[in-house]
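These notes are about the structure you will find just below.
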Amino acid sequence: MEGRIEVASRRMGISLGLLFLCHLIVLTYGHPTLKTPESVTGTWKGDVKIQCLYDPLSGYRQVLVKWLVQRDSNPVTIFLRDSTGDHIQQAKYRGRLQVSQEVPGDVSLQLNTLQMDDRNHYTCEVTWQTPDGNQIMRDKIIELRVQKYPYNPPRISTEALTTMHSSLEATTIMRSTSDSTVNRTGKPNTERTITGPGRNLPIFAIIFIISLCCIVAITIPYIMFRRKTFQQEYVYGVSRVFSRETSNSQETTRVTTIASEYFNNEPDSQALINDYSDDPCLSK
2 MEGRIEVASR RMGISLGLLF LCHLIVLTYG HPTLKTPESV TGTWKGDVKI QCLYDPLSGY
62 RQVLVKWLVQ RDSNPVTIFL RDSTGDHIQQ AKYRGRLQVS QEVPGDVSLQ LNTLQMDDRN
122 HYTCEVTWQT PDGNQIMRDK IIELRVQKYP YNPPRISTEA LTTMHSSLEA TTIMRSTSDS
182 TVNRTGKPNT ERTITGPGRN LPIFAIIFII SLCCIVAITI PYIMFRRKTF QQEYVYGVSR
242 VFSRETSNSQ ETTRVTTIAS EYFNNEPDSQ ALINDYSDDP CLSK
């Protein structure tokens, strides 16, 4: 009799232990868990969806959904879903905030017409009723970032890729030829292809260069002509003055000789000197 009581007591203890273990497993792993991203990026004046998902479990009933935003280190409720329906708690979000409800387990937040001050930390909070009549709550925090302009990564067309590939191939033929030249002759190949000047110049630079050349071509002959005219006038003036003031033929010859030596490089200076003779000049 005592043996039977002892066996029954052992069986009851084992059953209670297994029951407690199952309850502990349910509490640890059996409750729904929320799945959200760490951060979401939206574009100013655009729309964004902040995902918040969970896997529905048998016996668990969703009783409350909240979305909160962090303000001054205190969370503020902006959306509430309970047995009476959906409620938007802040006037700022009315008309541009929605929470999914068509798919079980999807309570994602849809925010339209983003403003720059919408960037903040948002909290998804869900409460369920467990099979034993209790309630459990889970929440996750997601950072919302708002950028001024959308990010458009550069796209490379097929033609650009083909051109780039051809250029790389051409460079690799040139290197092979240069290496073979060095190997045959023992000297590096120093030949370079020189492109024509002005091939890559802009049009305004070409016009400026042409204008400058025209100015130089006109200015130099004009300066030479003025210099030649001045020299002729100077010789005539000097000869005339000394012819009037000097009655001595030797003085006149000396002045003419000085003028001839000073302007001996000019083609017309010889003609000026030939106008005077070696005969003594007669004064008035």
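According to my numbering, the sequence shown is numbered sequentially starting from 2. C-beta atoms are modelled at their ideal positions from N, C-alpha and C, and glycine is treated no differently. Bear in mind that the values here come from a model prediction, so they are computed numbers and not experimental data.
Here the C-alpha atom of residue 141 lies approximately 23 Å from the C-alpha atom of residue 117. Annotated three-state conformation of residue 61 is coil, per DSSP. The Cβ-Cβ distance between residue 70 and residue 77 falls below 7 Å.
About 43 Å separates the Cβ atoms of residue 46 and residue 131, ruling out a contact at the 8 Å cut-off. Look at the beta carbons and you see the stretch 53-66 touching the stretch 101-112: at least three pairs across the two are nearer than 8 Å. For residue 108, no beta strand (DSSP E) segment is defined, and its DSSP state is neither H nor E.
Counting only residues of its own chain and dropping the five nearest sequence neighbours on each side, residue 56 has a CB closer than 7 Å to the CB of 33, 106.
Under DSSP, residue 126 forms a beta bridge with 67, 140.
Taking residue 39 as the centre and dropping the five residues before and after it, the same chain places the C-beta of 143, 144 closer than 8 Å to its C-beta, in chain order.
Beta-bridge partners of residue 75 (DSSP): 72. Around the beta carbon of residue 127, a 10 Å sphere encloses 16 or more other beta carbons of the protein chains shown; the residue is thus reported as buried. Exposure of residue 231 is indicated by the presence of fewer than 16 other C-beta atoms within 10 angstroms of its C-beta.
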